[in-house]
Amino acid sequence: MGTREELLEAERGTVRKDWGGKIRIALAYPNYYHVGMSNLGFHAIYRLLNNFEDVVCERVFLPEDKGTVQGGLRSMESQRPLADFDIIAFSISFENDYPNLLTLLAASRIPRWSSERNPPHPLIIAGGVTTFLNPEPIAPFVDCFLIGEAESILAVFLDVYKRYSDKQALLEALAAHVPGIYVPALYDVAYHLDGTIAEFRPKRGAPEKVQRVGVEALSYGDTCTAILTPHTTFQDTYLVEVARGCPYGCRFCAAGFVYRPPRFRPKTVLQNCIEEGAARSKRIGLMAAAVLDVPDIEALCREALDRGVQLSFSSLRADRLTPEILDILKQSGFKTAAIAPDAGSERMRRVINKGITDQDVIRAAGLLVDAGIPNLKLYCMVGLPTETMSDVEAIVVLCKQVKHRFLKASRTTERIGQIIVSLNSFIPKPFTPFQWVPLEDVKSLKAKIKHVRDSLRRVANVRVHADVPRWAYIQALLSRGDRRTAQLLAAAHENNGNWAKTLKASIINPDFYVYRERPLDEILPWDFIDHGINKAFLVEEYHKALRAESSPPCVVGQCKACGVCK
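Position one of the sequence shown corresponds to residue 267 (my numbering), numbered consecutively onward.
1) Kindly examine the ligand SAM and report whether one of its heavy atoms sits closer than 6 Å to the Cβ of T397.
2) Hey, out of D793, L790, A732 and L571, whose CA is closest to Q840's CA?
3) Can you tell me the Cα-Cα spacing of Y525 and V479, whole angstroms?
4) So what's L494 in DSSP terms, helix, strand or just coil?
5) Among the residues of its own chain, which have a CB less than 6 Å from the CB of R378, if the five just before and after it don't count?
6) Near A631, what residues of its chain come up, given a Cβ to Cβ distance below 6 Å and the 5 sequence neighbours on each side ignored?
7) Using only CA atoms, which one of V395, Y298, R290 and H300 lies nearest to N316?
8) Quick one: what does DSSP say H300 is sitting in, helix, strand or coil?
9) Is it the case that the Cβ atoms of F697 and F579 are separated by a distance below 7 Å?
10) Do A292 and V326 have their CB atoms nearer than 7 Å?
11) How is C512 classed by DSSP in three states: helix, strand or coil?
12) For A758 and A603, what's the separation of their Cα atoms in angstroms?
13) Could you compute how far the alpha carbon of L314 sits from the alpha carbon of E612?
14) Am I right that I833 and L673 are in contact with their C-beta atoms under 8 Å? What's the rounded C-beta distance?
15) Report the rounded CA-to-CA distance for V805 versus H309, giving the unit in angstroms.
16) Give the range of the beta strand (DSSP E) segment to which C323 is assigned.
17) Quick one: Cα of L389 to Cα of K428, how far?
18) With C-beta atoms as the reference, is A783 less than 7 Å away from P735?
19) Under the three-state reduction of DSSP, which class applies to F360: helix, strand or coil?
20) Using C-beta distances below 8 Å, list every residue in its chain close to G551, excluding the 5 sequence neighbours before and after it, in chain order.
21) With a 10 Å radius around its C-beta and 16 neighbouring C-beta atoms as the bar for buried, classify G307 as buried or exposed.
22) What does the alpha-carbon distance come out to for the pair V658 and L582?
23) Determine contact between the region 468-479 and the region 443-453, defined as no fewer than three beta-carbon pairs at a distance below 8 Å.
24) Pull up the DSSP beta-bridge partners for C646, would you.
25) Could you name the residues of the same chain whose beta carbon sits closer than 6 Å to that of G302, not counting the 5 residues immediately before and after it, in chain order?
26) For R510, count neighbouring C-beta atoms within 10 Å of its own C-beta (all shown protein chains included) and say buried if the count is 16 or more, exposed if not.
27) On a Cα-Cα basis, can you pick out the residue from P386, A584 and P532 that is closest to I563?
28) Rounded to whole angstroms, what is the Cα-Cα separation between L547 and C539?
29) With DSSP run on the structure shown, which of helix, strand or coil describes R629?
30) Assess, as a yes-or-no matter, whether the region 744-758 is touched by the region 716-724 under the definition of 3 or more beta carbon pairs within less than 8 Å.
31) Could you tell me whether the region 460-468 touches the region 416-431, using the rule of 3 or more Cβ pairs below 8 Å?
32) Cutting at 8 Å between CB atoms, please list the residues of its own chain near A349, excluding the five before and the five after it.
33) Assuming contact is defined by CB atoms lying nearer than 7 Å, are S357 and I391 in contact in what I supplied?
34) Going by DSSP, what residues sit across from G338 in a beta bridge?
35) Jot down the residue ranges of each uninterrupted alpha helix (DSSP H) in the region 801-825, minimum 4 residues, whole runs only, in chain order.
36) Is the CB-CB distance between L208 and G279 below 7 Å?
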């Protein structure tokens with residue numbers, strides 16, 4: 267990857283500030299440089315924090331060689347030790363990065379447990395989508411969480427921070443007066459004899475429910491790449507968030523529920539973002555869960571192409587492709603396009619509320635290859651609720667049908683590309699209609715993945731990439747665990763990341779969190795967070811899933827079904 271000096275030399279847009287009289291914040295991404303710098307949310311927070319005149323924000327990442335940190339971990343920009351900062355702010359997007367939070371604290375010689383830290387130790391805060399799904403597995407390590415969208419909370423947080431020198435008084439003031447602040451130390455958790463939660467009790471003025479905060483309109487342009495570098499997944503691509511949330515309500519997808527209502531960035535704001543992007547890079551990436559639903563997206567893309575840039579898209583919904591979009595993809599030099607059937611059978615797609623048919627997928631594949639885009643990536647899952655082996659076999663059948671459509675097109679193009687099947691284990695997430703269901707047994711997941719691999723092994727030009735079910739087990743544990751799960755994280759850290767050894771030695775039974783179906787009336791570890799979604803709505807969506815019934819997409823302001831649009 268290169269030395270710190272080489273990485274900084276390759277960057278464009280790095281912010282360097284004088285430290286005098288400023289709040290010093292280390293923005294920490296608990297993974298390697300190339301992973302963190304590929305994360306648009308991380309860029310957005312870096313830009314937002316450095317926009318405050320009285321803040322200096324510098325970055326820190328997981329060291330490439332964990333054994334070579336001398337004298338404590340240091341920031342990228344100024345090489346200051348993390349212990350010199352006032353605040354360490356963790357931006358966390360994936361549960362499997364939780365162990366790296368402990369690695370970063372240990373490398374910085376900062377106590378991992380919040381209860382063991384006192385001034386002059388930095389204040390440890392955390393945000394990011396995983397933390398407002400379920401922060402409890404890392405709650406004992408963090409002083410406070412920012413629950414929600416940073417644009418709506420950072421200014422208020424910093425204003426209160428400046429008023430207090432005493433840590434305990436600061437945390438109590440933040441919890442009592444700032445919506446979206448969760449201070450774990452201000453809540454006691456009681457458990458039934460069977461291990462389930464009996465009570466989640468606030469104290470010292472903390473609210474009973476922590477409200478997830480968000481912005482009503484995306485009428486600003488800060489959510490775009492701050493620093494361009496070739497050392498990322500996107501390699502000097504200028505990323506722009508064009509929308510937030512998703513209208514389709516796929517029942518497995520947390521982002522489709524916790525980012526409600528779906529919001530689209532105004533065209534004028536996007537035009538300004540594209541103008542800035544075109545001045546800084548030859549390639550612009552449009553990021554959203556439902557890019558093709560953005561109003562005037564085709565005209566916007568044409569404007570970008572007229573500026574001489576190429577475009578990429580974070581997602582392509584199979585039933586939203588148009589001739590205009592296909593031409594834009596072709597002009598942008600697309601070699602591989604990705605679509606997500608998510609399930610092989612139409613019954614399973616009704617269960618998950620995907621809203622597309624086999625013919626939508628096959629038609630989309632044909633349109634893409636006819637437009638000269640030779641390669642296709644198909645995203646599918648195994649282990650979904652109510653799934654049978656016939657549903658798994660349907661993944662194989664669908665892939666073969668797509669391959670047949672590719673062969674038909676190759677008679678004209680005299681070339682056939684590759685179909686890459688990306689196969690992932692379904693992991694039930696908080697605040698979705700599937701939050702009560704267990705993870706499927708790892709052995710069963712392995713068998714289903716093996717069936718798809720074996721069935722497609724001899725099909726030319728089709729490759730299967732699959733996740734590792736044992737890591738799906740760990741992710742499910744960290745997604746669905748309560749505060750006691752922190753003990754497992756701490757033990758895994760002591761065991762140098764050896765989860766097999768950790769779980770074997772633990773008195774905590776991880777299957778309690780991973781393989782147990784939750785009763786609908788059980789208090790869940792994340793129930794103290796208020797996303798504005800009625801639990802009754804999630805229950806009804808769960809029951810509809812069991813009946814394989816679809817629900818219509820979200821129409822903002824025109825329905826009151828989920829409770830967000832009150």
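From the three backbone atoms N, C-alpha and C, an ideal C-beta is built for every residue, glycine too.
For this structure:
1) Of ligands this structure carries none, so the ligand SAM is not represented either.
2) Within the shown structure, residues of the chain are numbered from 267 to 832, placing residue 840 beyond reach of any answer.
3) Taking the sequence shown and counting its residues from 1, the one referred to as residue 525 is at position 259. Taking the sequence shown and counting its residues from 1, the one referred to as residue 479 is at position 213. Between Y525 and V479, the C-alpha separation is close to 10 Å.
4) By 1-based counting over the sequence shown, the position of residue 494 is 228. The answer is strand: DSSP assigns L494 an E or B state.
5) Within the sequence shown, residue 378 is the residue found at index 112, counting from 1. Only L368, L371 and F407 meet the Cβ criterion.
6) Numbered from 1 along the sequence shown, position 365 holds the residue referred to as residue 631. Same-chain partners within the cutoff: L642, V668 and R671.
7) Start at 1 with the first residue of the sequence shown, and residue 316 comes out as number 50. Checking every option, the nearest Cα to that of N316 belongs to R290.
8) What you label residue 300 is simply residue 34 of the sequence shown in a count that begins at 1. Helix at H300.
9) Within the sequence shown, the letter at position 431 stands for residue 697. Within the sequence shown, the letter at position 313 stands for residue 579. In terms of Cβ geometry, F697 and F579 do not form a close pair [threshold 7 Å].
10) The sequence position of residue 292 within the sequence shown is 26, counting from 1. The sequence position of residue 326 within the sequence shown is 60, counting from 1. In contact: A292 and V326 (Cβ atoms closer than 7 Å).
11) Along the sequence shown, one-based indexing puts residue 512 at 246. The DSSP-derived three-state label of C512 is coil.
12) For the purposes of this step, residue 758 is taken as the residue at position 492 of the sequence shown. For the purposes of this step, residue 603 is taken as the residue at position 337 of the sequence shown. Approximately 38 Å between the Cα atoms of the pair.
13) If you number the sequence shown from 1, residue 314 lands on position 48. If you number the sequence shown from 1, residue 612 lands on position 346. Straight-line measurement puts the Cα of E612 at about 43 Å from the Cα of L314.
14) Any question about residue 833 goes unanswered here, given that the chain covers just 267 to 832.
15) Translated into positions along the sequence shown, residue 805 becomes position 539. Translated into positions along the sequence shown, residue 309 becomes position 43. Each residue's alpha carbon lies about 36 Å from the other.
16) Position 57 of the sequence shown holds residue 323. C323 -> beta strand (DSSP E) spans V321 to F327.
17) Sequence index remark: in the sequence shown, residue 389 carries index 123 (1-based). Sequence index remark: in the sequence shown, residue 428 carries index 162 (1-based). When rounded, the separation of the alpha-carbon atoms in L389 and K428 is 13 Å.
18) By 1-based counting over the sequence shown, the position of residue 783 is 517. By 1-based counting over the sequence shown, the position of residue 735 is 469. Rather than Ala, the amino acid found at residue 783 in this sequence is Glu. Not a contact, by the Cβ cut-off of 7 Å.
19) As a first step, residue 360 must be located in the sequence shown, where it is residue number 94. Coil.
20) Residue mapping note: residue 551 aligns to position 285 of the sequence shown, counting from 1. In its chain, beyond the 5 residues on either side, F500, T503, Y504, L505, V506, L577, S578, F579 and S580 have a beta carbon closer than 8 Å to the beta carbon of G551.
21) Within the sequence shown, numbered from 1, the residue matching residue 307 stands at position 41. The residue in question, G307, is buried, as its Cβ has 16 or more Cβ neighbours within 10 Å.
22) For the purposes of this step, residue 658 is taken as the residue at position 392 of the sequence shown. For the purposes of this step, residue 582 is taken as the residue at position 316 of the sequence shown. Each residue's alpha carbon lies about 23 Å from the other.
23) Yes: the two stretches touch, three or more of their Cβ pairs being nearer than 8 Å.
24) Within the sequence shown, residue 646 is the residue found at index 380, counting from 1. D608 and L689, per the DSSP bridge assignment.
25) Looking up residue 302 in the sequence shown gives position 36. The residues are Y295, F308 and F327.
26) Here residue 510 refers to the residue found at position 244 when the sequence shown is read from its first residue. It is buried - the Cβ of R510 has at least 16 other Cβ atoms within 10 Å.
27) Reading the sequence shown from its first residue, position 297 is the one you call residue 563. It is P532 whose Cα lies nearest to the Cα of I563.
28) Position 281 of the sequence shown, counting from 1, holds the residue named residue 547. Position 273 of the sequence shown, counting from 1, holds the residue named residue 539. According to the sequence displayed, residue 547 carries Ser and not Leu. So the alpha carbons of these two residues sit roughly 12 Å apart.
29) Start at 1 with the first residue of the sequence shown, and residue 629 comes out as number 363. R629: helix per DSSP, three-state reduction.
30) A contact between stretches requires three or more CB pairs, one per stretch, nearer than 8 Å, and the region 716-724 fails this requirement with the region 744-758.
31) The region 460-468 makes no contact with the region 416-431: fewer than 3 CB pairs, one atom from each, lie closer than 8 Å.
32) Mapped onto the sequence shown, residue 349 falls at position 83. The answer, listed in chain order, is G338, S374, R375, I376, P386, H387 and P388.
33) As a first step, residue 357 must be located in the sequence shown, where it is residue number 91. As a first step, residue 391 must be located in the sequence shown, where it is residue number 125. Contact flag unset, no.
34) Here residue 338 refers to the residue found at position 72 when the sequence shown is read from its first residue. Beta bridge pairing from DSSP links G338 with no other residue.
35) Runs of the alpha helix (DSSP H) inside the region 801-825: 801-812.
36) Given a span of 267 to 832 for the chain in the structure shown, any question on residue 208 remains unanswerable.
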